[in-house]
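Everything below concerns the one structure shown next.
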Amino acid sequence: MRHDGTIGRRLRKAFSSAYLFYLYLPVLILPLFSFNDSYYISFPLQSFTWRWYSELASDPSIIAALYNSVQIALVTAVLSTALGVLTARPLSKYSLRGTKSIIGLIMLPMVIPELILAVSLLVVLNQTSIGLGKWAVVLGHMLICYPFAVAILMSRFEGFATVLEEASLDLGATPFQTFWRIVFPLALPGIIASVLLTFTISFDEFLIAFFLSSSEPTLPVYLWGQLRFPKKLPSALALGTLIIAVSFVFVILAEWLRRRHSATGSTP
Amino acid sequence: MAVKVAKDTSFSAAIRRVFLRARPETKAYLQLSPGLILVAGALLVPLALLILASFWSSHSGGEIDTSFTLANYEKLLERPGYAMILLRSIGIAASVTLVTLVLAYPLAYFVAFDVRKHKLIWLILITLPFWTSYLLRVFAWKVILGWNGAINSGLTSLGVIDEPFGFLLYNPLSIVITMSHAWATFAILPIYLSLEKIDRNLLDAAADLGDGPLKRFFRVTLPLSMPGVLAAAVIIFIPTVGDYITPAMVGGPDGMMVSNLIQAQFSKANNWPLGAAVSVVSITSVAMLSFVFVASVRALTARIR
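Chains as they are written, first to last, in numbering that gives the first Met the number 0: chain A, 0 to 267; chain B, 0 to 304.
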């Protein structure tokens with residue numbers, strides 16, 4: 000692109016920077032007003048306050064919802080990552096018959112609207128004895144987290160040192176020893192990244208939890224309920240800010256883990 | 000007898016023996032099976048049941064009659080209100096897709112061609128907002144666009160306007176603004192990937208053969224990046240037709256979309272066979288539309304090349 004005029008490039012840079020700022024606008028607005036000492040979310044800003052955050056801490060139903068959310072997200076993250084390891088390994092190791100359609104099937108939950116996933120699960124769970132509640136939410140969340148886990152872990156396993164694995168087997172280790180002592184440690188950054196990201200997806204998810212959580216609301220479901228009350232809006236902003244902060248920390252950690260390890264030689 | 004005793008007959012040992020003796024291919028399929036069981040059990044079976052339920056009916060008391068009937072589909076055909084909501088959803092999703100692609104393309108182009116040193120940082124910055132809760136991003140737009148929201152109160156306090164803008168919230172426009180923001184990452188990344196793949200020699204060749212920057216863009220760069228644009232269009236269009244949170248939060252009565260209709264059938268109206276029928280109709284029409292769209296764009300770009 001050496002022949003390109005610099006004006007075009009400057010224009011593109013200006014546009015891209017503005018667009019990037021616009022992408023962050025909503026994420027910045029929530030924290031800004033969560034420290035604003037007013038029930039109305041409007042300019043000009045009033046004085047700075049921690050009031051809405053202390054209101055959160057004193058609300059027992061938020062603590063209960065937080066507890067539900069963390070439980071669900073933990074179980075979902077561990078289970079979908081475990082399934083992801085089981086799936087990603089053979090898919091990147093062998094060229095199996097039907098690999099393309101298997102991957103298509105795994106990725107299917109990503110293109111079906113979440114509402115459809117939620118109501119179809121609702122119909123099934125209502126017809127069977129499983130019923131609604133935390134486990135129902137875990138099931139729904141696993142469905143949307145599993146494709147992410149597979150995608151993250153497949154990129155981890157690609158260009159994986161099969162030589163080490165073969166050497167281990169040749170030297171007399173059992174397949175299970177080989178897995179625990181060779182495959183697992185090498186895949187660990189990918190596994191942790193997958194746990195962090197699937198945790199974030201589950202922790203943030205609203206719609207499936209809204210339909211399936213029944214009397215055990217998650218944090219987003221609780222937040223949705225609060226939005227109806229104008230007086231609760233500022234503390235909803237504070238809660239939202241905290242949720243966003245948690246997601247940011249988790250995602251940056253996961254990205255760092257993924258990149259740091261790939262920087263030491265294998266493909267990114 | 001002695002041989003039998005020495006052999007480990009526990010269940011796990013039996014499984015291990017079967018696993019060790021199996022061919023590599025069988026092993027691979029065995030490892031794949033738990034995940035596939037999840038997809039089958041939590042997605043395919045429920046979807047099949049949803050389709051089945053769309054042929055059931057609901058009595059006024061909320062009781063479900065499982066005898067086969069086409070009544071739900073007849074109802075959807077008879078009352079123009081349903082078709083209108085579906086058409087509106089498709090129209091809104093198409094506008095969202097178009098707006099997002101047009102805004103995302105220059106950024107993707109910038110990162111692919113202009114950024115050299117800090118590519119990774121740009122890519123991470125682009126993906127980061129996508130990982131925050133969708134519900135919260137939509138909620139933030141409601142706060143921004145509202146009658147007393149950030150834009151209106153900001154402009155009023157600056158003295159730019161006397162009266163707040165009423166057209167910002169609770170209409171299809173606010174849905175398009177919110178969604179084209181929320182789905183930006185899904186447009187930027189596929190377009191960026193396809194731009195990144197373009198052989199730079201082709202661009203130099205076009206320039207050497209006398210194409211100006213604009214001509215070269217439309218004859219070389221744009222057609223070669225079409226796979227990414229197409230992927231982005233489909234990735235955005237399909238889920239936005241069925242999005243629930245955005246129309247429910249910022250759409251208002253004029254912005255009601257098909258998912259609000261489905262949700263109402265499963266809660267307030269308590270007529271989930273009808274809700275199932277609406278789901279089936281919207282999924283099939285979206286799938287068909289996307290197929291026609293992809294096929295026609297492919298045919299069109301093939302002719303340009």
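The beta carbon of each residue, even a glycine, is placed where N, CA and C say it ideally should be.
Based on Cα-Cα distance, which residue from the options lies nearest to residue i?
i	options	result
valine 84 of chain A	A:Leu222, A:Ile191, A:Leu256, A:Gln225	A:Ile191
serine 326 of chain A	A:Phe156, A:Glu157, A:Trp179	No statement about residue 326 of chain A is possible, as the shown extent of chain A runs from 0 to 267 and does not include it.
glycine 251 of chain B	B:Trp182, B:Pro171, B:Leu202	B:Pro171
threonine 68 of chain B	B:Phe54, B:Tyr81, B:Glu77	B:Phe54
leucine 49 of chain B	B:Phe292, B:Ser289, B:Asn270, B:Met287	B:Asn270
isoleucine 63 of chain B	B:Val279, B:Val296, B:Phe265, B:Val277	B:Phe265
serine 344 of chain B	B:Leu273, B:Ala286, B:Ser284	An answer regarding residue 344 of chain B cannot be provided, because it is not within the stretch 0 to 304 covered by chain B.
alanine 47 of chain B	A:Phe210, A:Leu120, A:Leu142, A:Thr177	A:Leu120
arginine 258 of chain A	A:Thr161, A:Leu114, A:Gly97, A:Arg155	A:Arg155
valine 285 of chain B	B:Asp253, B:Asp210, B:Arg16, B:Asp242	B:Asp242
lysine 196 of chain B	B:Leu299, B:Ala107, B:Leu208	B:Ala107
phenylalanine 47 of chain A	A:Leu31, A:Glu54, A:Val149, A:Leu55	A:Leu31
glycine 103 of chain A	B:Ser278, B:Thr96, B:Val38, B:Pro226	B:Val38
isoleucine 286 of chain A	A:Val250, A:Lys231, A:Leu252	Not covered by the structure: residue 286 of chain A. The range shown for chain A is 0 to 267.
alanine 13 of chain A	B:Ala204, B:Ile237, B:Asp113, B:Ile84	B:Asp113
arginine 11 of chain A	B:Phe185, B:Leu223, B:Ala103	B:Ala103
Answer with buried or exposed for residue i, where buried requires no fewer than 16 other C-beta atoms within 10 angstroms of its C-beta.
i	result
leucine 124 of chain A	buried
glycine 80 of chain B	exposed
lysine 99 of chain A	exposed
asparagine 151 of chain B	buried
phenylalanine 210 of chain A	buried
alanine 76 of chain A	buried
asparagine 35 of chain A	buried
threonine 287 of chain B	The sequence given here places methionine at residue 287 of chain B; threonine does not occur at that position. Its Cβ having fewer than 16 others within 10 Å, methionine 287 of chain B is exposed.
isoleucine 207 of chain A	buried
methionine 178 of chain B	buried
aspartate 198 of chain B	exposed
aspartate 207 of chain B	exposed
glutamine 262 of chain B	buried
threonine 173 of chain A	exposed
isoleucine 79 of chain A	The sequence given here places serine at residue 79 of chain A; isoleucine does not occur at that position. It is buried - the Cβ of serine 79 of chain A has at least 16 other Cβ atoms within 10 Å.
List the residues of chain B that residue i touches, going by C-beta distances under 8 angstroms, in chain order.
i	result
leucine 55 of chain A	Simply none; closest approach about 15 angstroms.
proline 89 of chain A	Lys26, Ala27, Tyr28, Gln30, Leu31
glycine 7 of chain A	Pro212
methionine 141 of chain A	Leu37, Ala41
Rounded to whole angstroms, what is the Cα-Cα separation between residue i and residue j?
i	j	result
isoleucine 123 of chain B	phenylalanine 216 of chain B	27 angstroms
leucine 24 of chain A	serine 214 of chain A	34 angstroms
serine 94 of chain A	leucine 163 of chain A	20 angstroms
asparagine 67 of chain A	glycine 132 of chain A	10 angstroms
glutamine 30 of chain B	proline 89 of chain A	7 angstroms
alanine 13 of chain B	arginine 20 of chain B	11 angstroms
arginine 218 of chain B	isoleucine 91 of chain B	30 angstroms
isoleucine 151 of chain A	isoleucine 111 of chain A	20 angstroms
glycine 148 of chain B	threonine 239 of chain B	25 angstroms
alanine 17 of chain A	isoleucine 125 of chain B	12 angstroms
threonine 177 of chain A	serine 128 of chain A	41 angstroms
alanine 244 of chain A	valine 249 of chain B	24 angstroms
alanine 41 of chain B	alanine 181 of chain B	27 angstroms
aspartate 231 of chain B	serine 295 of chain B	What sits at residue 231 of chain B in the sequence shown is alanine, not aspartate. Roughly 16 angstroms between the two C-alpha positions.
isoleucine 28 of chain A	isoleucine 143 of chain B	8 angstroms
valine 26 of chain A	leucine 187 of chain A	31 angstroms
glutamine 225 of chain A	glycine 239 of chain A	11 angstroms
leucine 167 of chain B	glutamine 45 of chain A	24 angstroms
phenylalanine 109 of chain B	proline 226 of chain B	18 angstroms
leucine 236 of chain A	leucine 76 of chain B	43 angstroms
valine 4 of chain B	lysine 26 of chain B	Low confidence applies here, because valine 4 of chain B scores a pLDDT of 45, under 50, leaving its location unreliable and the question unanswered by this model.
Just the chain A side, please: which residues come within less than 9 angstroms of residue i by C-beta, in chain order?
i	result
leucine 326 of chain B	Chain B is shown from 0 up to 304; residue 326 of chain B falls before or after that span and cannot be answered.
serine 156 of chain B	Ser41, Phe42, Pro43
Under 7 angstroms Cβ-Cβ, which residues of chain A neighbour residue i?
i	result
serine 173 of chain B	The contacting residues do not exist; serine 173 of chain B stays about 13 angstroms from chain A at best.
tryptophan 271 of chain B	Val122
serine 258 of chain B	Pro112, Leu114
serine 295 of chain B	Those within 7 angstroms of serine 295 of chain B in chain A number zero; the least Cβ separation is about 20 angstroms.
serine 23 of chain B	First, the amino acid is wrong: residue 23 of chain B is proline here, not serine. Within 7 angstroms Cβ-Cβ: Tyr93.
Residue i versus chain A: which residues are under 8 angstroms apart at the beta carbon?
i	result
isoleucine 197 of chain B	Ordered by position in chain A, no residue passes the 8 angstroms Cβ test against isoleucine 197 of chain B, which lies about 11 angstroms from the chain.
phenylalanine 10 of chain B	Residues of chain A passing the Cβ test: none, with the nearest at roughly 16 angstroms.
Please name the residue or residues paired with residue i in a DSSP beta bridge.
i	result
isoleucine 63 of chain B	B:Ser57
phenylalanine 210 of chain A	Answer is none; phenylalanine 210 of chain A lacks a bridge partner.
asparagine 35 of chain A	A:Phe47
Note down, in chain order, every chain B residue with its Cβ under 7 angstroms from the Cβ of residue i.
i	result
glycine 333 of chain A	Given a span of 0 to 267 for chain A in the structure shown, any question on residue 333 of chain A remains unanswerable.
arginine 11 of chain A	Pro105, Tyr108, Phe109, Asp113
tryptophan 49 of chain A	In chain order: nothing, as chain B lies at least about 20 angstroms away.
isoleucine 242 of chain A	Ser132, Leu135
Residues of chain B with CB under 9 angstroms from residue i, in chain order?
i	result
aspartate 203 of chain A	Trp130, Thr131, Ser132, Tyr133, Leu134, Leu135
glutamate 254 of chain A	Ile123, Thr126, Leu127
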